[in-house]
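In this note's numbering, the protein residues as written are 1 to 184.
Using N, Cα and C, we set each Cβ at its ideal position, and we do this for glycine too.
These figures come from a predicted structure and were not determined experimentally.
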Amino acid sequence: MHKSSNHGLTLLELIITLSILAIITSYGATSFRHILERQQLKAAGETVFADLRFAQSEAIKRNKKVYVTFKKQAENWCYGINIDSPCDCNVENQCQIDNINKIISSHQFKNIALQKARFAGNKDYTAFDPIKGFALANGVKNGTIWLQSKNSTQLAIIVNRMGRVRFCSPTLIEYPHQCPALPR
């Protein structure tokens, strides 16, 4: 006698397996999207940080004030670096050093929003002193730049009047959590 063995799947087993696979895949895709957004936020923050430090070093090197100006229009934002005066990064060839445009825009960081960039005197720019690299301000804290991803993860770049640039984030564990309140 031959014993028949069934090596296939029933339709019910196949449907259950595919349902479980679909749930796991959708959860994984959502988590992966959040990871990508967090990485984009960190990249945008690192870019702002590096450009602020660049402006500070250029001020000392050239013995001239160097300005970093932030602009926000609806969903679009940008910032530019310029010598001797604030600049408008929305105007062509206005933010330059040695005739090279120094502009970063939201087009480079599609899922990242500039929530707010405010400096001493409620200004949208900071300037670095040519003698010691201090951020020119009247108060103890010069200003804060708030970035946010689409999933509401926030990162702040803080510039104090001594010119020190640092990060903080209420939502990213790799940064200190002691952040100033987001201005209205």
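> Alpha carbon to alpha carbon, what distance is there between Leu172 and Trp146?
Replying inline: In the sequence shown, the residue the question calls residue 146 occupies position 146. In the sequence shown, the residue the question calls residue 172 occupies position 172. Annotation: Trp146 to Leu172 spans about 13 Å, alpha carbon to alpha carbon.
> Going by DSSP, what residues sit across from Val48 in a beta bridge?
Replying inline: Translated into the one-based positions of the sequence shown, residue 48 becomes position 48. According to the DSSP secondary-structure assignment, Val48 is paired through a beta bridge with no residue.
>> Can you tell me whether Lys61 is helix, strand or coil according to DSSP?
In response: In the sequence shown, residue 61 corresponds to position 61, counting from 1. It is helical.
> Hey, quick one: how far does the beta strand (DSSP E) through Ala113 stretch, first residue to last?
Replying inline: Along the sequence shown, one-based indexing puts residue 113 at 113. Note, Ala113: beta strand (DSSP E), 112-119.
> CB-CB under 8 Å to Ser90, same chain, minus the five flanking residues each way: which ones, in chain order?
Replying inline: Here residue 90 refers to the residue found at position 90 when the sequence shown is read from its first residue. In the sequence under discussion, the amino acid at residue 90 is Asn, which differs from the Ser named in the question. Counting only Cβ-Cβ distances below 8 Å, and skipping sequence neighbours, we find Lys71, Gln73, Cys78.
> Based on the DSSP secondary-structure assignment, which residues constitute the bridge partners of Val159?
Replying inline: As a first step, residue 159 must be located in the sequence shown, where it is residue number 159. For Val159, which the question treats as bridged, DSSP gives the partners Gly143, Val165.
>> Is the separation between the beta-carbon of Ile24 and that of Ala55 shorter than 8 Å?
In response: Working through the sequence shown from its first residue, we reach residue 24 at position 24. Working through the sequence shown from its first residue, we reach residue 55 at position 55. Using a Cβ distance threshold of 8 Å, Ile24 and Ala55 do not count as a contacting pair.
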